[in-house]
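Here the structure comes first, spelled out in structure tokens, and everything after it is commentary.
Residue numbers (UniProt numbering), protein chains in the order written: chain A, 1 to 476; chain B, 1 to 476.
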């Protein structure tokens, strides 16, 4: 059987998530993001089209570094306004029965006990269709919204996150036994008290007594997503993640990235196939080449370089320089912070070229524009040769991007055996089962979090992860 | 026109909220609280019956003082398991269009910035139908779930809460102007940056930069509910609350309570009618006296005194004493903590009588059992003579209690002009308008929170409330 594709619709509870400038397109519905109807329509389209999940990004602050303020972000609706992602799930869950939901939440600023209950609540309300994208917060403004004067240093964030996960596992996996809830009306016993326990976590960053407030849900621990772009992030992922967002500019880089991760999984005592690898993908399709070309033209005409610069927290106001100058020239003449441009551009690129790059459609390794056959050929190469397992579909227009995928690409993927045929009569699977196979609703026994199913381990301090020093930055 | 009744359905995202022991009744659906269907059915019933709102209580810990542990609470499902209340709202909102939602959230343990965004998100998703029950946390176990060794002292909790509200008002009322969002596709301006600002709050307990992440919603600040049972609580309510939960054992006590509150409102520069007064009410009704008597009998047979003792955080295990002994005798012979029983019982009451009281249906001033005429007569007295404005309807059985009210009491209340006739064709009102009148979607100009509409006030430290010393306890 050919390898199957996992597909998530990449979303965010805001106007402009990644493709900045597109909200002004007359067919774009992003301005409706404050309305329940927009999200119910999104969820129904995704479920109808056989998507595995709607995946919601999040940040809890404003990108206000570019031009020393939030003005560009506000004008472009670049992730501000931006509402809470978890609160979209119950309404989308009520309107669907098979679709999963990935939500992003940062371990940096909010206490774990309340978050544990929120995720258990969502796992109950969705009947096991919830996943969590673990992020640590890197936005300077987010830090200032939570009493800090600047961002928490990168590796320290991962140390905090590792203990945060420990608290969550204890609550989700260790506080209630599977048979704790008996609902015995005759004997008037809802829960057998001998099967529920305090966790009494006392660590470096958290002290949490428990017991967990929610009874066991179908998955207990939500499916764990993570993006790892740094050595510390990789170490963390090798212990915790079940689905990993990766990237790579070439097929070789992607394969190397995947192989390196599998090696770290093994070092952490997990099977090399314990993780699914997902990339953000851009797909522009249509019934004819002309239709595709028209779409590309209309999208490219709208993309905003300024929005992208604000999103990148750029410290340099590129548009104010002579377009003919090179990046190297800016550095050589001592423009403030110009050397930071080398993170993204080459010395010999001109300002004009750099701006064109920022105003692009992210036409990288996982971008394809073409008729459904062309798109599916590319996807098959990504699956079989790059070695990925799935995509987060980036949206240009809501709902055009998702609808094109559902109407044009999905039938062809099904014909090629790359997507399962929908079986609406089947009992809905949990998100973890949908990802790893029926019957695998819970964390596998070899996963670090599963250790707390043995109450004895609640009393034994876990060995903390040790993180290599690096200056990378995690993605949210 | 006769005074109209406000009606909330009193709920909690758990099995046993107030009437402990009732979940075992064969017609009770409380065991379905983990399911979305249960809540959608609840919301639709409430909307159909003309309820103003579903009002959700909450605690973020376990009642584990009685018999030195959580065993009774677990066995009785006494507020454990207990899921997050906010996450129910989006699904109930999608299934209704006029019903309001009151959610309980404590100011004691979680950071204000994230909560401000959650409530704005809910105000957007419900189109202005959200209210917030402001509580401070008193449960010792809740403290231990958030890194504290014991509960935060009562008055200190209100000091924290007062600054917490200040942060929220700045975000909700002061950070975005009404005309900030322009959605100008031609000029590519979603938000006019000159109309959004940082709040830069620096106080004793919080430092929050802003800007708020959500654009202005219909109500901005949700309708503010509070229960005040202490001098500090009353002072806080006089500044902040718009709907106040009160009690009182007699008509005189209720009237006194209301009058005292109105005096404090005036002292805080607010109109004496700036607050609506709501009581928790118990109503058992039926088509005939026999039907009512049958219901009373079946409810009384199930109520659990142990559940009520666990809920009261009782330090004394009353059921283990000779039922013929008096409370006074227990105190006189030096039973540990027996004197705490005087908070709830009289010296001359026997143990048997005290236990009967704990196993009762709360048959106090705002309890009535009878045919719809009898019930409506009582409600009219509560409205016209006690001086209350509304009730939180306590539930014995889900859905019997609400259905009885909707089918039997509501038509009679409408006949008497005490409930508005439903007008499904009318544009839905916000919850604040439903409470105070059409056109009043926002905090009134004289409310403390409205001061931050003037950006100058964002830069001026607010005078903090001063709280009288007392040893009372707030209700959650």
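Built from N, CA and C at the ideal position, the CB exists for glycine as well.
| Check | Outcome |
| --- | --- |
| One or two residues paired with residue 326 of chain B in a DSSP bridge | B/350 |
| Endpoints, beta strand (DSSP E) assigned at residue 310 of chain A | No beta strand (DSSP E) holds residue 310 of chain A; the alpha helix (DSSP H) holding it covers 305-311. |
| Under 8 Å (Cβ pairs) to chain A, residues found in the stretch 106-124 of chain B | 109, 110, 111, 113, 114, 117, 118, 120, 121, 122, 124 |
| Boundaries of the beta strand (DSSP E) in which residue 169 of chain B is found, first to last residue | Not the beta strand (DSSP E): residue 169 of chain B falls in the alpha helix (DSSP H), residues 154-169. |
| Contacting residues, own chain, Cβ-Cβ under 8 Å from residue 61 of chain A (five flanking each side not counted) | 137, 139, 140, 141, 142, 143, 144, 145 |
| Nearest-angstrom Cβ-Cβ length linking residue 236 of chain B and residue 465 of chain B, presumed shorter than 8 Å | 6 Å |
| Near-chain B residues of the stretch 195-214 of chain A (beta-carbon distance less than 8 Å), N- to C-terminal order | 196, 206, 207, 208, 209, 210, 211, 213, 214 |
| Residue 201 of chain B - DSSP class collapsed to helix/strand/coil | strand |
| Residue 225 of chain B beta carbon less than 7 Å from that of residue 128 of chain B | no |
| Test item: CB-CB of residue 164 of chain A and residue 112 of chain A under 7 Å | yes |
| Cβ neighbours of residue 327 of chain A in the same chain (closer than 6 Å, five flanking residues each side left out) | 341, 345, 347, 349 |
| Reduced DSSP secondary structure (H/G/I, E/B, other) of residue 82 of chain A | strand |
| Extent of the continuous beta strand (DSSP E) to which residue 224 of chain A belongs | 223-227 |
| Distance, residue 419 of chain A Cα to residue 413 of chain A Cα | 6 Å |
| Buried/exposed call for residue 28 of chain B, threshold 16 Cβ in 10 Å | buried |
| N-terminal and C-terminal residue of the beta strand (DSSP E) that residue 104 of chain A is part of | 100-106 |
| Proximal chain B residues relative to residue 146 of chain A, where beta-carbon distance stays under 7 Å | 111, 113 |
| Residue 185 of chain B: contacting residues in chain A (beta-carbon distance under 7 Å) | 24 |
| Nearest candidate by alpha-carbon position, reference residue 12 of chain A, set A/40, A/49, A/57 | A/57 |
| Outcome for residue 219 of chain B when other beta-carbon atoms lying within 10 angstroms are tallied against a minimum of 16 | buried |
| Cα-Cα separation, residue 19 of chain A to residue 366 of chain A | 15 Å |
| Beta-carbon gap between residue 458 of chain B and residue 199 of chain B smaller than 7 Å | yes |
| Partner residues on chain B for residue 190 of chain A, Cβ-Cβ distance less than 7 Å | 15, 23, 75, 76, 77 |
| CA-to-CA distance, residue 154 of chain B to residue 205 of chain B, given in whole angstroms | 16 Å |
| CA-to-CA distance, residue 119 of chain A to residue 151 of chain A, given in whole angstroms | 25 Å |
| Partner residues on chain B for residue 428 of chain A, Cβ-Cβ distance less than 9 Å | None at all; the shortest Cβ gap to chain B is about 13 Å. |
| Contact set between residue 444 of chain A and chain B, taken where Cβ atoms lie within less than 8 Å | Near residue 444 of chain A there are no residues of chain B at all, since even the closest Cβ is about 24 Å away, more than 8 Å. |
| Any chain B beta carbon closer than 7 Å to residue 91 of chain A | yes |
| Residue 214 of chain B versus residue 183 of chain B: straight-line alpha-carbon distance, rounded | 15 Å |
| Backbone CA spacing between residue 304 of chain B and residue 311 of chain A [nearest angstrom] | 58 Å |
| Residue-level contact to chain B via CB, residue 36 of chain A, 7 Å cutoff | yes |
| Residue 183 of chain B (DSSP reduced to helix, strand or coil) | strand |
| Near-chain B residues of the stretch 39-67 of chain A (beta-carbon distance less than 8 Å), N- to C-terminal order | 40, 60, 61, 62 |
| For residue 6 of chain B, the residue or residues it bridges with in DSSP | B/390 |
| Alpha-carbon spacing of residue 474 of chain A relative to residue 234 of chain A, whole angstroms | Summary for residue 474 of chain A: the model assigns pLDDT 40, below 50, so the residue's position carries little reliability; its value from the coordinates is reported in the next sentence. Going from the Cα of residue 474 of chain A to the Cα of residue 234 of chain A covers about 10 Å. |
| Per-residue burial, residue 425 of chain A [other beta carbons within 10 Å of its own, 16 or more giving buried] | exposed |
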